[in-house]
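*Asks:*
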Amino acid sequence: MPQRRDDSPVIGRRNFLKGATLAGTAAAITASPPAKAMPAPPADTLKAALPGPRQIAAETQPPVKDPATQTTSGGDFMVDVFKTLDIDYLAMNCASSFRGLHEAVINYNNNKPEILTCPHEEIAVAMGHGYAKIEGKPLAFICHGVVGLQHATMAMYNAWCDRVPVYCMGGNIVEADKRMPGAEWVHSAVDIGALTRDFTKWDDQPTSLQHFADSAVRAYRVAMTPPMGPVLLSLDAELQENPIRDAETLRIPKLGKVVPPMGDSGALAEAAKLLVAAQNPVILCDRLARSPAGLASMIELAETLQCAVIDNVGRMNFPSRHPLNMSFRRGPVLGQADVILALEVNDVWGTLNQFSDRIVRSSRPVAKKDAKVITIGTREMLIKANYQDFARFPEVDLAITGDGQASLPALLEQVKRLVDDGRKSAFAERGKKLGAARLAMIEQAKSDATLGWDSSPITTARMCAEVYVQIKDEDWSLVGNSIRNTWPHRLWDIKKPYQWNGVSGGSGVGYNLPSSIGAALANKRHGRVTVAFGGDGDFMFVPGALWTAAHHKIPLLYVIQNNRAYHQEVMYLQAMAARHGRGIQNAHIGTTITDPNVDYATVARGFGVHGEGPITDPNELAPAIKRALAVVKRGEPALIDVVTDPR
Amino acid sequence: MKAYVLGAAVLMLAALPAGAQDASKGDAANGKRVFVSVGCHYCHGRSGQGGALNYPAPALAQTQLPFDGFKGVLRESLRDMPAYVEAVLPDKDVADIYAFLQSLPGRRPAKDIAILNN
Numbered sequence: 317m318p319q320r321r322d323d324s325p326v327i328g329r330r331n332f333l334k335g336a337t338l339a340g341t342a343a344a345i346t347a348s349p350p351a352k353a354m355p356a357p358p359a360d361t362l363k364a365a366l367p368g369p370r371q372i373a374a375e376t377q378p379p380v381k382d383p384a385t386q387t388t389s390g391g392d393f394m395v396d397v398f399k400t401l402d403i404d405y406l407a408m409n410c411a412s413s414f415r416g417l418h419e420a421v422i423n424y425n426n427n428k429p430e431i432l433t434c435p436h437e438e439i440a441v442a443m444g445h446g447y448a449k450i451e452g453k454p455l456a457f458i459c460h461g462v463v464g465l466q467h468a469t470m471a472m473y474n475a476w477c478d479r480v481p482v483y484c485m486g487g488n489i490v491e492a493d494k495r496m497p498g499a500e501w502v503h504s505a506v507d508i509g510a511l512t513r514d515f516t517k518w519d520d521q522p523t524s525l526q527h528f529a530d531s532a533v534r535a536y537r538v539a540m541t542p543p544m545g546p547v548l549l550s551l552d553a554e555l556q557e558n559p560i561r562d563a564e565t566l567r568i569p570k571l572g573k574v575v576p577p578m579g580d581s582g583a584l585a586e587a588a589k590l591l592v593a594a595q596n597p598v599i600l601c602d603r604l605a606r607s608p609a610g611l612a613s614m615i616e617l618a619e620t621l622q623c624a625v626i627d628n629v630g631r632m633n634f635p636s637r638h639p640l641n642m643s644f645r646r647g648p649v650l651g652q653a654d655v656i657l658a659l660e661v662n663d664v665w666g667t668l669n670q671f672s673d674r675i676v677r678s679s680r681p682v683a684k685k686d687a688k689v690i691t692i693g694t695r696e697m698l699i700k701a702n703y704q705d706f707a708r709f710p711e712v713d714l715a716i717t718g719d720g721q722a723s724l725p726a727l728l729e730q731v732k733r734l735v736d737d738g739r740k741s742a743f744a745e746r747g748k749k750l751g752a753a754r755l756a757m758i759e760q761a762k763s764d765a766t767l768g769w770d771s772s773p774i775t776t777a778r779m780c781a782e783v784y785v786q787i788k789d790e791d792w793s794l795v796g797n798s799i800r801n802t803w804p805h806r807l808w809d810i811k812k813p814y815q816w817n818g819v820s821g822g823s824g825v826g827y828n829l830p831s832s833i834g835a836a837l838a839n840k841r842h843g844r845v846t847v848a849f850g851g852d853g854d855f856m857f858v859p860g861a862l863w864t865a866a867h868h869k870i871p872l873l874y875v876i877q878n879n880r881a882y883h884q885e886v887m888y889l890q891a892m893a894a895r896h897g898r899g900i901q902n903a904h905i906g907t908t909i910t911d912p913n914v915d916y917a918t919v920a921r922g923f924g925v926h927g928e929g930p931i932t933d934p935n936e937l938a939p940a941i942k943r944a945l946a947v948v949k950r951g952e953p954a955l956i957d958v959v960t961d962p963r
Numbered sequence: 341m342k343a344y345v346l347g348a349a350v351l352m353l354a355a356l357p358a359g360a361q362d363a364s365k366g367d368a369a370n371g372k373r374v375f376v377s378v379g380c381h382y383c384h385g386r387s388g389q390g391g392a393l394n395y396p397a398p399a400l401a402q403t404q405l406p407f408d409g410f411k412g413v414l415r416e417s418l419r420d421m422p423a424y425v426e427a428v429l430p431d432k433d434v435a436d437i438y439a440f441l442q443s444l445p446g447r448r449p450a451k452d453i454a455i456l457n458n
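This is the structure:
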């Protein structure tokens, strides 16, 4: 049970005794027998019992002291634990259920971890999501365990689906008799973790400070061990606020080195054999590379095999302009593949099948029936029953359970051991053909980008090209993108580990802006120019995130692809209407963001962020980007509202 | 993807009755209006530059599809694309849209656009 406030007064008991005395007095006053009533009881039964020694002491001695100050608190100890975990930031929207910890952070430890003030819990968690993918470690997030956690759930689900560690905490008041009437009751729960248990790796509600220390370190290790994911600690308010009673016995366990699980060496050798012997092996990758080492291993494996790579861009897995990058030629490449290696691909079935969203939903495989499929990944180490983010079950010939990045060096070693001069020569020939195809793809992309070049609304190709030309000579990092905007990966030279960081995972709207701000926060210490594209619909969920960026001086160039709609839904509604032969004239109802059009630059300025736009003339883009970049380079956020064609 | 659409359209063309409407009679100005009013641009872009639904939607500016194949795709649709029946999109409008697409400027040499050559 949580500690009781050891200096809390015994007011309840004292008042009880007073009450008993008054009751006895009242009884004595009313003891006169009524004129015609039941027989009066014996007079002595109406008197209060004679006080015992304790009661006499309570009545005659000075009241127990009701202390107004304390010298230690559980929150201080919690901060000491966080120090050992190297957590730099604590994102939050302030709330009374964690006021103890909040106060400890700002006063006991000089605002470390640094508090990030967020106007919504979804913003705070999404910032942690974007931050972790750039920095390689989580930030901490805390909220009201009931109402704040409900706000946070969508962002936690995104982090879960995207296999990203976010260190979540919720304040709670566990003991019912300690809750103030009113808000503290509706803001408390027996088990706050029940709300998010389907999409967190682990949660706990510590009942002592030692329990907290153990669970806090465990939570970090669980979150950071691949497959990574969000964790949740419920922090009892009494535990945070009360004095430390057992300081001399408290200890903080060490975290130790976290080592990811590797695939079985025999299975990796078997995979290597298949890959080396294949005529047309293809590597698929998705949430694979989480550090520079992962990117380097991926490049080395592809170049050793001189095979095609199809990147689902869940992480920065493979350079966009690499001669072996066949991501935009996946149909023909997969159609010829005889061995397919899928590395941390969440939806293998969806990648290997073409699905049609028609009245009768149908699919057809895009790979040959006899193609061997190998998977290496951690998907099956972290799977739960309810939410279906694990996608359709794929038929696989060799399913190797283990972290993709951690398994790559061993796989690579096995591959190299098997490659003889004959295979090297065949590989070189294969690589040459792929390289030629890649060059043609780049030329095709450029040619495609010219279509509608001077149009208004502005094409997404023009928008992306205009941004790239102004950042390409900087140390840039692209940390967000609007739905199905493929132009950066088609036109830009994306090659460094931090130049791309994947997408939301759960496709929950409201991710892109705050996660980009979180990623920009991580990039800030490295001096990188952070840029992101994002849809207007996504922005409308979480505009307040801009205030956080301004308040904390987080430099980010955020470009809104403003198609004035939740456009994916416009198209779906169009398809439904067409299915019924009823025309599509009404498809805008409930799907568009017009009448009035939103002036995002003005909104940005209202939050203290530099705003440009709305820009409808493509020739005005370059000067607007230049002005906005100047703001970003001096350490502040800027927003450009670009009115674009739908896609 | 583009090749797939083209191939399927050619197959549809073979199944169409003779005497299909002559595309040259299309009114490009009206076609531009209809192209937007029935939402073709949602996936294919106002300039016919292409786009995406659940997968890439092909560019249609100066489409190489023959008119009857183009109309066949519109009527029956491919994969996730909405099908436009005659009651919603009369043959006249289809011809006008086709004329509009043929009237679009189409591609430019990428080398003429400096910022595409980084």
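Line by line, the protein sequences are chains A and B. Here the numbering used here is used: the first residue of the first sequence is 317, the next is one more, and so on. Here the numbering used here is used: the first residue of the second sequence is 341, the next is one more, and so on. We put the beta carbon where it would ideally sit given N, CA and C, even for glycine.
1. Under a CB-based cut-off of 8 Å, is Asp957(A) close to chain B?
2. Looking at Arg631(A) and Ala605(A), is the spacing between their C-beta atoms short of 8 Å?
3. Is DSSP giving Asn654(A) helix, strand or coil here?
4. In the DSSP output, which residue or residues are listed as bridge partners for Ile431(A)?
5. Is Pro859(A) near Val919(A), with beta carbons less than 8 Å apart?
6. Mind checking the segment 376-391 of chain B against chain A and listing, in chain order, the residues whose C-beta falls within less than 8 Å of any C-beta there?
7. Taking the alpha carbon of Val395(A) as the point to measure from, which residue in Gln595(A), Phe528(A) and Arg895(A) has its own alpha carbon closest?
8. Going by DSSP, what residue range makes up the alpha helix (DSSP H) through Glu952(A)?
9. By the three-class DSSP mapping on this structure, what secondary structure does Gln884(A) have?
10. Could you pull out every unbroken alpha helix (DSSP H) segment of at least 4 residues lying fully inside the segment 795-839 of chain A, listed in chain order?
11. To which residues of the same chain is Ala342(A) closer than 6 Å at the C-beta, ignoring the five residues directly before and after it?
12. Quick one, which of Leu571(A), Leu525(A), Ser636(A) and Ala609(A) has its alpha-carbon nearest Val538(A)'s?
13. Taking C-alpha atoms, which residue in Lys685(A), Glu616(A) and Met697(A) lies nearest to Glu711(A)?
14. If we cut at 8 Å on Cβ distances, does Gln361(B) have a partner in chain A?
15. Along the chain, where does the beta strand (DSSP E) containing Trp518(A) start, and where does it finish?
16. How about Trp808(A) and Thr776(A): are their beta carbons less than 8 Å apart?
17. According to DSSP, what are the bridge partners of Pro597(A)?
18. If we define contact as Cβ-Cβ less than 8 Å, is Trp769(A) a contact residue for chain B?
19. For Ala407(A) and Gly444(A), which I take to be in contact (beta-carbon distance under 8 Å), what is that distance rounded to the nearest angstrom?
20. Closer than 7 Å: is that where the CB of Leu640(A) sits relative to any heavy atom of the ligand NAP?
21. Closer than 9 Å, Cβ to Cβ, to anything on chain A: give me those residues from the segment 401-420 of chain B, in chain order.
22. Quickly, what does DSSP pair Gly545(A) with across the bridge? List them, please.
23. Compute the Euclidean distance between the alpha carbons of His467(A) and Gly379(B), then round it to the nearest angstrom.
24. Gln670(A) bridges to which residues according to DSSP?
25. Looking at the strands, I want to know which residues DSSP matches up with Phe849(A).
26. Can you tell me which of the three DSSP states Val959(A) falls into?
27. When the Cβ atoms of the segment 464-482 of chain A are set against those of the segment 383-392 of chain A, are three or more pairs found closer than 8 Å?
28. From the DSSP output, in three-state form, read off Asp933(A) for me.
29. List, in chain order, every chain B residue whose beta-carbon is nearer than 7 Å to that of Ala532(A).
30. Residues of the segment 433-452 of chain B with a CB closer than 9 Å to any CB of chain A: list them in chain order, please.
31. Are any of the Cβ atoms in chain A nearer than 8 Å to that of Pro422(B)?
32. Mapping the DSSP letters down to three states, classify Gln442(B) as helix, strand or coil.
33. Ser672(A) and Arg419(B): beta carbons closer than 8 Å?
34. Put Gly379(B) into one of helix, strand or coil per three-state DSSP.
35. Counting contacts by CB-CB distance shorter than 8 Å, is Val425(B) in contact with chain A?
36. To the nearest angstrom, how far is the alpha carbon of Ala353(A) from that of Leu366(A)?
*Replies:* In terms of the structure at hand:
1. In the first sequence, counting from the first residue as 1, residue 957(A) sits at position 641. No, no contact with chain B.
2. Numbered from its first residue, the first sequence carries residue 605(A) at position 289. Numbered from its first residue, the first sequence carries residue 631(A) at position 315. Yes; because the gap between Cβ atoms is below 8 Å, this pair is in contact.
3. For this step, residue 654(A) is matched to residue 338 along the first sequence. Note on identity: in this sequence residue 654(A) is Asp, with Asn being the wrong assignment. Correct three-state label for Asp654(A): coil.
4. For the purposes of this step, residue 431(A) is identified with residue 115 of the first sequence, where counting begins at 1. Ile431(A) is bridged to Leu406(A).
5. Numbered from 1 along the first sequence, position 543 holds the residue referred to as residue 859(A). Numbered from 1 along the first sequence, position 603 holds the residue referred to as residue 919(A). A contact, by the Cβ cut-off of 8 Å.
6. Listed by position, the residues of the segment 376-391 of chain B near chain A (Cβ gap below 8 Å) are Ser377, Val378, Gly379, His381, Tyr382, Cys383, Gly385, Arg386, Ser387, Gly388, Gln389, Gly390 and Gly391.
7. As a first step, residue 395(A) is located in the first sequence; it is residue number 79 there, counting from the start. Of Gln595(A), Phe528(A) and Arg895(A), the smallest CA-CA separation from Val395(A) is found for Phe528(A).
8. Along the first sequence, one-based indexing puts residue 952(A) at 636. Run containing Glu952(A): none; DSSP gives neither H nor E here.
9. Here residue 884(A) corresponds to residue number 568 of the first sequence, with the count starting at 1. Assigned with DSSP and collapsed to three states, Gln884(A) falls in helix.
10. Secondary structure remark: continuous alpha helix (DSSP H) runs of at least 4 residues inside the segment 795-839 of chain A, in chain order: 803-807.
11. As a first step, residue 342(A) is located in the first sequence; it is residue number 26 there, counting from the start. The predicted position of Ala342(A) is uncertain, since its pLDDT is 38 and thus under 50; a value taken from the coordinates is nonetheless stated next. So no residue of the chain qualifies.
12. Here residue 538(A) refers to the residue found at position 222 when the first sequence is read from its first residue. Selected option, being the one with the closest Cα: Leu571(A).
13. The sequence position of residue 711(A) within the first sequence is 395, counting from 1. Closest in alpha carbon position to Glu711(A), among Lys685(A), Glu616(A) and Met697(A), is Lys685(A).
14. Working through the second sequence from its first residue, we reach residue 361(B) at position 21. Residue placement at Gln361(B) cannot be trusted, given a pLDDT of 48 that sits under 50; the coordinates are not used to answer.
15. For the purposes of this step, residue 518(A) is taken as residue 202 along the first sequence, with counting starting at 1. For Trp518(A), the uninterrupted beta strand (DSSP E) segment begins and ends at Trp518 to Asp520.
16. Sequence index remark: in the first sequence, residue 808(A) carries index 492 (1-based). Sequence index remark: in the first sequence, residue 776(A) carries index 460 (1-based). Not a contact, by the Cβ cut-off of 8 Å.
17. Mapped onto the first sequence, residue 597(A) falls at position 281. For Pro597(A), which the question treats as bridged, DSSP gives the partners Val655(A).
18. For the purposes of this step, residue 769(A) is taken as the residue at position 453 of the first sequence. The Cβ of Trp769(A) sits closer than 8 Å to at least one Cβ of chain B.
19. In the first sequence, the residue the question calls residue 407(A) occupies position 91. In the first sequence, the residue the question calls residue 444(A) occupies position 128. Under the criterion of beta carbons closer than 8 Å, Ala407(A) and Gly444(A) qualify as touching, at roughly 6 Å.
20. The ligand NAP is not part of the structure shown, which contains no ligands of any sort.
21. So the list reads Ala401, Ser417, Leu418, Arg419 and Asp420, given in the order they occur along the chain.
22. For the purposes of this step, residue 545(A) is taken as residue 229 along the first sequence, with counting starting at 1. Under DSSP, Gly545(A) shares a beta bridge with no residue.
23. Sequence index remark: in the first sequence, residue 467(A) carries index 151 (1-based). Sequence index remark: in the second sequence, residue 379(B) carries index 39 (1-based). Rounded to the nearest whole angstrom, the CA to CA distance from His467(A) to Gly379(B) is 36 Å.
24. Here residue 670(A) refers to the residue found at position 354 of the first sequence. Gln670(A) is bridged to Arg680(A).
25. In the first sequence, the residue the question calls residue 849(A) occupies position 533. Note: Phe849(A) sits in a beta bridge opposite Val875(A).
26. The residue you call residue 959(A) lines up with position 643 of the first sequence. Three-state DSSP puts Val959(A) in a strand.
27. Between the segment 464-482 of chain A and the segment 383-392 of chain A there are fewer than three inter-stretch CB-CB distances shorter than 8 Å, so the stretches are not counted as touching.
28. For the purposes of this step, residue 933(A) is taken as the residue at position 617 of the first sequence. Correct three-state label for Asp933(A): coil.
29. Residue numbering aside, residue 532(A) sits at position 216 when the first sequence is read from its first letter. By Cβ distance, chain B contributes nothing, its closest Cβ being about 43 Å from Ala532(A), past 7 Å.
30. For the segment 433-452 of chain B, the beta-carbon criterion of a distance under 9 Å to any beta-carbon of chain A is satisfied by Leu444, Pro445, Gly446, Arg447, Arg448, Pro449, Ala450, Lys451 and Asp452.
31. On the second sequence, position 82 is the one that residue 422(B) refers to. So, interface residue.
32. By 1-based counting over the second sequence, the position of residue 442(B) is 102. It is helical.
33. As a working note, residue 672(A) is residue 356 in the first sequence. As a working note, residue 419(B) is residue 79 in the second sequence. Taking 8 Å as the Cβ cut-off, Ser672(A) and Arg419(B) qualify as a contacting pair.
34. Position 39 of the second sequence, counting from 1, holds the residue named residue 379(B). Three-state result, Gly379(B): coil.
35. By 1-based counting over the second sequence, the position of residue 425(B) is 85. Taking Cβ atoms only, chain A reaches closer than 8 Å to Val425(B), which makes this a yes.
36. Stepping through the first sequence from its first residue, residue 353(A) is reached at position 37. Stepping through the first sequence from its first residue, residue 366(A) is reached at position 50. Any reading at Ala353(A) must be qualified, since the residue scores a pLDDT of 45, below 50, and its modelled position is unreliable; the value itself is stated next. If I take the Cα positions, the gap works out to 28 Å.
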